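All residue numbers for the sequence shown refer to numbering that gives the first Met the number 0, where the first residue is 0 and numbers rise by one.
For glycine and all other residues, C-beta sits at the position ideal for the given N, C-alpha and C.
None of these values were measured; they are calculated from a predicted model.
Beneath this line is the structure, given in structure tokens, with notes to follow.
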Amino acid sequence: MTSPALRNRYLNDSIATASPGRLLVMLYDRLVLDVAQGEEALLAGDRITAADKLQHAQEIIIELRSTLDMSVWSGAAGLAALYAYWLAELIGANVGNDAARARAVREQIEPVRDAWREAAAQPAAAG
């Protein structure tokens with residue numbers, strides 16, 4: 000097997016065997032990466048890469064929003080509003096060629112990602 004094929008197999012196996020909490024953290028990690036790479040591309044004047052990365056980040060946010068269950072967690076509505084804000088800001092950053100706007104979103108996403116990482120690392124509550 001070639002190196003890219005091995006890497007893809009490892010990634011697919013990691014996703015298939017990950018817990019729901021770990022999958023959430025993986026999505027947030029990719030979201031941060033995409034926004035950071037989009038920001039860098041905007042700064043470099045590479046509109047094609049910026050659009051690709053920021054649009055992928057938008058797709059992740061849409062997926063995260065679609066998995067929220069408002070009936071299970073009282074904080075879901077607030078998180079949904081945050082997702083809507085991030086989505087609008089990333090669209091604006093992409094359309095407006097605005098790296099600072101992308102950076103501001105990334106800086107908001109990172110602590111949320113870190114909180115989910117911490118929560119996912121906690122042992123499941125007994126019950």
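*If you draw a straight line from the C-alpha of A101 to the C-alpha of P122, how long is it?*
About 34 Å.
*From the DSSP output, in three-state form, read off S70 for me.*
When DSSP states are grouped into helix, strand and coil, S70 belongs to the coil group.
*For A114, does the three-state DSSP call read helix, strand or coil?*
Of the three classes helix, strand and coil, the one that applies to A114 here is helix, per DSSP.
_Only counting the same chain, and skipping five residues up and downstream in sequence, which positions put a Cβ closer than 8 Å to that of V31?_
Excluding positions up to five away in sequence, the list reads R105, I108, E109, R112.
*How many Å lie between G77 and I90 at the Cα?*
Spanning the two alpha carbons is a distance of roughly 20 Å.
*Nearest candidate by alpha-carbon position, reference A118, set R64, P3, L22*: Across the set R64, P3, L22, the C-alpha of L22 shows the shortest separation from the C-alpha of A118.
*Expected contact under 8 Å - CB spacing of A56 and V34 to nearest Å*: Indeed they touch by this definition, with Cβ atoms about 5 Å apart.
*Alpha carbon to alpha carbon, how far is T48 from Q36? Give it in angstroms, no decimals.*
CA-CA distance, Q36 to T48, rounds to 8 Å.
_Just verifying my parser: in three-state terms, what is the DSSP assignment at N96?_
Coil.
*asked:* Relative to the C-alpha of L53, which candidate in L86, R116, W115, S2 has its C-alpha closest?
replied: The option with the nearest alpha carbon to L53 is L86.
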